[in-house]
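Peer 1: In full-length UniProt numbering, the protein residues as written are 1 to 90.
1. Less than 7 Å separating the Cβ of residue 6 from some heavy atom of the ligand PLP?
2. Quick check: the Cα distance between residue 41 and residue 73, rounded to an integer number of angstroms?
3. Am I right that residue 11 and residue 66 are in contact with their C-beta atoms under 8 Å? What's the rounded C-beta distance?
4. Compute the Euclidean distance between the alpha carbons of residue 61 and residue 68, then round it to the nearest angstrom.
5. Use the C-beta contact count for residue 54: other C-beta atoms within 10 angstroms, 16 or more gives buried, fewer gives exposed.
6. With a 10 Å radius around its C-beta and 16 neighbouring C-beta atoms as the bar for buried, classify residue 79 as buried or exposed.
7. Taking the continuous alpha helix (DSSP H) assigned at residue 45, which residues delimit it?
8. Between the alpha carbons of residue 90 and residue 21, how many angstroms are there, rounded?
9. Compare the Cα-Cα distances from residue 31 to each of 43, 4, 14 and 52 and report the closest residue.
Written as structure tokens, this is what we have:
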């Protein structure tokens, strides 16, 4: 799951655009520096849990929504394959 910073970046960018707000507006609402928001959106920095919480609150989503895997992510296929193999995921 080394790609989590990229997933976080894509989800923040998507949610921000869906809400039609700029990086500067998101930064202001969340209390995070605008340049840092940009760096997170470009996956140049790994956000702390506190930062995830601030961004989630500003975007009006649960923190876990910022880390949601896209439907075509390979890890989801791995999980589906392991439960089909009869081990029940345990």
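Even glycine gets a Cβ: it sits at the ideal position worked out from N, Cα and C. For clarity, every value in this text was computed on a predicted model and none was experimentally measured.
Peer 2: Here's the rundown:
1. Questions concerning the ligand PLP fall outside what the structure shown contains, since it holds no ligand whatsoever.
2. As a position in the chain shown, residue 41 is number 41, starting the count at 1. As a position in the chain shown, residue 73 is number 73, starting the count at 1. In a straight line, the C-alpha of residue 41 is about 19 Å away from that of residue 73.
3. Within the chain shown, the letter at position 11 stands for residue 11. Within the chain shown, the letter at position 66 stands for residue 66. Going by Cβ atoms, the distance from residue 11 to residue 66 rounds to 5 Å, so yes, they are a contact pair.
4. As a first step, residue 61 is located in the chain shown; it is residue number 61 there, counting from the start. As a first step, residue 68 is located in the chain shown; it is residue number 68 there, counting from the start. The C-alpha of residue 61 lies about 11 Å from the C-alpha of residue 68.
5. Indexing the chain shown from 1 puts residue 54 at position 54. Result: buried.
6. The residue given as residue 79 occupies position 79 in the chain shown. Residue 79 counts as exposed, since fewer than 16 other beta carbons sit within 10 angstroms of its beta carbon.
7. Working through the chain shown from its first residue, we reach residue 45 at position 45. Counting along the chain, residue 45 falls outside any alpha helix (DSSP H), and DSSP gives it neither H nor E.
8. One-based indexing of the chain shown puts residue 90 at position 90. One-based indexing of the chain shown puts residue 21 at position 21. Note that residue 90 scores a pLDDT of 49, beneath 50, so its modelled location is shaky and nothing firm can be said.
9. Here residue 31 corresponds to residue number 31 of the chain shown, with the count starting at 1. Out of 43, 4, 14 and 52, 52 has the C-alpha closest to the C-alpha of residue 31.
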